[in-house]
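This report concerns only the one structure given below.
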Amino acid sequence: MTSAARPSARRATILSAALALTLAATGCGGTGSASVGREVTTITALDYYTDAREHAQWSERLSACGKAAGVTVEHRSIPGASLVPTVLRQASSRTLPDLLMLDNPDLQQIAQTGALTPLDRYGIDSGGYAEGILSAGTYQGKVYGLAPTVSTVALFYNKDMLAEAGVAVPKTWDDLKKAASELTRPGRYGMAVDANPTFEGTWQFLPFLWSNGGDEKRLDTPQAAQALQLWVDLVKSGSMSKSVLNWTQADVHDQFVAGRTAMMVNGPWRISALNKLNKTEKLHWGVAPLPVRRPGQTLVTPLGGEVWTVPQNSSEARQAKAARVLACLNSSSQMLALARQYYTVPSRSTTAARYAQEVPSMAAFVQSVERSRARTGRLGVKWPKAATGIYTAVQAALTGEQTPEEALRHAQRIATDS
Amino acid sequence: MRSGSRRTPDRPAPPRADSARTVARARLRERVVHGMFLLPALAYLLLFFGYPVVKNVVMSFQQYTAATFYTGSAPFVGLRNYAKILSSDLFGPALLTTVLFTVASLLGQFVPGLALALFFHRKFPLGGLLRSLLLLPWLLPLVVSGTTWRWMLDTDSGVVNRALRDLHLLSSGVPWLTGTSQALVSVILVNIWVGIPFNTALLYGGLQDIPAHLHEAAKLDGAGPLTTFRHVTWPLLRPVAGVVLLLGVVYTVKVFDIILVVTGGGPAGATETLATRSYELSFEQFEFGRGAAMGNVLVLVSLAFALVHLRANRRALNA
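Just so you know, the sequences run in chain order A and B. If you count the first sequence from 1, position 314 lands on 314 in our numbering, and the numbers rise without skipping. Plus 1000 on top of the position in the second sequence (first one is 1) and you've got our numbering.
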C-alpha cells in the first residue's frame, strides 16, 4: 500500500461515516421493528383532543377498550391544525399510528391516498348509522371511518334578553332579522355568526345555504344568493357586528357569554362551558334549531364529528387489534357515554332516539343531526375547493366588495377550478 | 493525479524531486485536513438547506397532492403549477399586498428603529433598562402577541377604538380588522411593532462601533447634531443599515403567522400575501405542487432584493 493512497482511504472512511450519519438522520437506517409473528400487546392511537381534561377522558376510554381487546393503548394528542400535515408525513414514512382519529371532512382526502384500510375487512358492522356520518366515512363505496357521536350547529339565545325585548325565538329568516334588530342595543348586537375566511366560516354558512336548497355543486344559484343576502342584511342593518368577518366560533361564544350578542350560531360542544356560567354568572340561555327562510322548509345542517380509522400497517395483527378497539368505541354504551360527556349525539339512530328521551335538552340536536349532511357527501375530495369558494364569497359580500350574486359566481369559479 | 503517480513504476527518483514530493504530500494532507473541518458545516447545509430547497423546486414541477405522501407517485407536469398560480386572479392582488406590506413595514420599522437607537446611544439614567424593555415585543411568541392585537383592534370592544372614542378623536369605531382598506394597515402596524426591537438592537450595535472621537471632532468643527448625523453617523452606519434592511426584507416577505392570526388573510382577501397563499394552497387545499411553486416565487422575490443589496454594497465600496 502506497502512502499516497492513505489520505484517499481516510477520505473514503470520512465520507462513508458522513453518509451513515446522513442516513441515520433521515431515518433510512432500516426499520426492522415491526414483528409480524409476535403477539401484539400495545397499539398506538392519535387524535386531536389536546384539552387536558378531554385528553385524560379519552385515554381512559381507549385503555378500557384496549383492555377488552387485550392490548394497552399508547394515546397521543396533537393540535387540530397539525393533525392532517402530521398524518401525511407519517403516511410517507410509514409510521402511521394503529388507530387514527380524523375530522370527518378530512377522511376522504386521507382515504384517497391509500393510507387507510376499509373497515369491512375486520367485520365491523356499519349498519344502523345515520346516513350523513356514514357518507362522511365512506370513500368509493367502502367505509373507512366511523364516528361514535356527531354534532351540528344550532341557534343559542339569551333567554333574559329575548324576554326583555318581548321577542320570540325566531323560526324563519324574517323572524330572525326582526328579532335581531329588536334585540340590538348600544354595546350589544342581536346576532353573531362566524364568517371568517376559514373552513369554520364555511361550516357556519352551510345550514343557511343548504336549508334554502343551495348546493355546493352549483354555488351561483338564487337560493345561495338569498342565503348570503340574509347575512349581508344582518350586517348592513347593524344587527350583526361587522367583526363577524374576523371571529372564530370561540370568539362568537365569548361575545355571547359577555352579553354582547343576544343570539349566536354555535355547536353543542359549548354547552358544558355555558352550563357552568348558568350557575355562576346567571346566564340563562336556550338552544333552538336554526331558522329557515320560509315555514315548511326542511332544516339541513352540516355534520360535525370525528371518525376513527385503522391506517395501513405492516402488521395485520396490530390492525386487527386496532379494529377491535374501534368497534368498542362505536358500541352503543360508549356512544351514550360520549354523548352525555360532550353533549353530542350518538351516530346510531336507535341509540340517538334513546338518548333524546333520556336527555330532552338535546332533542333539538338529535333532530337536526338526523337530517344533517356531511360536507364531503357530494363533492368528496373536491370539497376543500368548494369550501374555499364559499368563505371567499361570504367575505366578499359582507365587506360589500361584491353583491351576493357576483360573489357566488366567483365562488363557483374557485370551486370548479382544476 | 494521485492515481497517475501510483501507476508510475518504482524508479529511484533524484533526491530533490523526493523532497518536493514530501512537500506536495504535506500540502495535500493539509488541504484534506482543512476540508475535514468544512465537512460538518457542509453536511449540515446540504441536509437542512440544500435538500429542502431542491425538494421544493422539484415539487413545484410535480402534481404533488395528499395522495403523493402515501403512494410516492408525483407526475411531472412541467410549468403547469407556475402557469396556474401566475394566471390566477388572486396572484396580482397578493403580489401587490406583499410589496405594500414589505415596503411599509420596512419603512415603519427602520425609521423609528433608527431614532430609538440614536436616542439610546446617549447615556442617561435607566437607559439600559429601557433599552432592554424595548426588546419585549421580540420575546413574545407571535401567536400570543397576534391574538392580543386581534382583541385590541376589535371594532366594537377593542381597547384601541375605545381609547380613540374616549379621547373624542372619533365618534364611531374604525374597522381595523374588518375594513378592506384598514386591515392591511393594521397588520402592517402589528408587524412594525414586532420589528422595531430588531432594528433598534442592530442599529444600536452599529452605533457603538462608530469611534466616539469622530463625533467629538465633528463637534469641535462646529457641526450641529443634524450635520453630524448626515456626514459622520449615517455614512459609517450604512453597512449595518444595509444588512438590517436586507434582513428586514427577507423576514417581512415571508411573514405569514402574524397575518394568519390577526386577519386570516381577510377581509375578502385584503391581507392575502404570497406567503399566506402558499400556506393555503399546501395545507388547506392539499395542492402541494402549487404551494411549492408559490413558495419559489417568494424565494425569487427575496433573492431579487438580496441582489439589489449586493449591487448597492459594491457600488458603495467602489465609490
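Heads up, the beta-carbon is just placed ideally off N, CA and C, and yes, glycines get one too.
Query: Cβ distance (whole Å) where R354 of chain A is taken to contact G132 of chain A below 8 Å; Result: Contact doesn't hold; Cβ gap of about 19 Å is too wide.
Query: Bounding residues of the beta strand (DSSP E) (the contiguous stretch that carries H75 of chain A); Result: 72-77
Query: Nearest neighbour of T420 of chain A, chosen from A:Q334, A:S361, A:A320 [CA to CA]; Result: There is no way to answer for residue 420 of chain A, as the model of chain A reaches only from 1 to 418.
Query: Against chain B: residues of the region 105-124 of chain A by CB proximity under 9 Å; Result: Q109, I110, Q112, T113, G114, A115
Query: Cβ pair count under 8 Å reaching 3, the region 278-295 of chain A against the region 148-159 of chain A; Result: yes
Query: Near-chain A residues of the region 1177-1197 of chain B (beta-carbon distance less than 7 Å), N- to C-terminal order; Result: L1177, T1178, T1180
Query: C-alpha gap between S63 of chain A and T42 of chain A, whole angstroms; Result: 10 Å
Query: Bridge-paired residues (DSSP) for F1076 of chain B; Result: B:Q1062
Query: Alpha-carbon to alpha-carbon, S1019 of chain B and R10 of chain A; Result: Here the model assigns R10 of chain A a pLDDT of 48, short of 50, so the residue's position is not dependable, and the following value carries that caveat. Straight-line Cα distance between these residues: approximately 23 Å.
Query: Beta-carbon proximity check, H1213 of chain B vs A1223 of chain B, cutoff 8 Å; Result: no
Query: Under 7 Å by beta carbon: chain B residues contacting P302 of chain A; Result: In chain order: nothing, as chain B lies at least about 17 Å away.
Query: Rounded C-alpha distance that separates G1266 of chain B from V1187 of chain B; Result: 11 Å
Query: Outcome for H410 of chain A when other beta-carbon atoms lying within 10 angstroms are tallied against a minimum of 16; Result: buried
Query: Given L1323 of chain B as reference, the closest of B:L1135, B:M1294, B:G1242 once Cα atoms are compared; Result: Here chain B comprises residues numbered 1001 to 1319, so residue 1323 of chain B is not present and cannot be evaluated.
Query: Local Cβ density within 10 Å of S368 of chain A, reported as buried at 16 or more and exposed below that; Result: buried
Query: Length of the line joining the Cα atoms of V87 of chain A and A387 of chain A; Result: 21 Å
Query: Closest Cα partner of I1331 of chain B within the set B:L1203, B:G1072, B:P1137, B:L1086; Result: The shown model of chain B, from 1001 to 1319, leaves out residue 1331 of chain B, and the question about it has no answer.
Query: Bridge-paired residues (DSSP) for A288 of chain A; Result: A:L155
Query: Proximity winner among A:Q312, A:S239, A:Q255, relative to I110 of chain A (alpha-carbon distances); Result: A:Q312
Query: Per DSSP, the bridge partner or partners of K421 of chain A; Result: What the structure shows of chain A is the stretch from 1 to 418, and residue 421 of chain A is not part of that stretch, so it cannot be assessed.
Query: Expected contact under 8 Å - CB spacing of L1203 of chain B and V1244 of chain B to nearest Å; Result: 6 Å
Query: Proximity to L326 of chain A [Cα-Cα], best of A:T95, A:V143, A:L183; Result: A:V143
Query: Neighbour flag for K177 of chain A against chain B, beta carbons, 8 Å; Result: no
Query: Where A1217 of chain B falls, given that 16 or more other Cβ within 10 Å makes a residue buried; Result: exposed
Query: C-alpha distance - N47 of chain A paired with P1197 of chain B, whole-angstrom precision; Result: Looking at the sequence shown, residue 47 of chain A is not Asn but Asp. Using only the alpha carbons, I get a separation of about 39 Å.
Query: Below-8 Å beta-carbon distance, K385 of chain A vs any chain B residue; Result: yes
Query: Which listed residue (A:G141, A:L274, A:A136, A:G190) has its alpha carbon closest to that of L162 of chain A; Result: A:G190
Query: Proximity winner among A:D120, A:Q140, A:S92, A:R121, relative to R378 of chain A (alpha-carbon distances); Result: A:Q140
Query: Assigned secondary structure, A353 of chain A (DSSP; H/G/I helix, E/B strand, else coil); Result: helix
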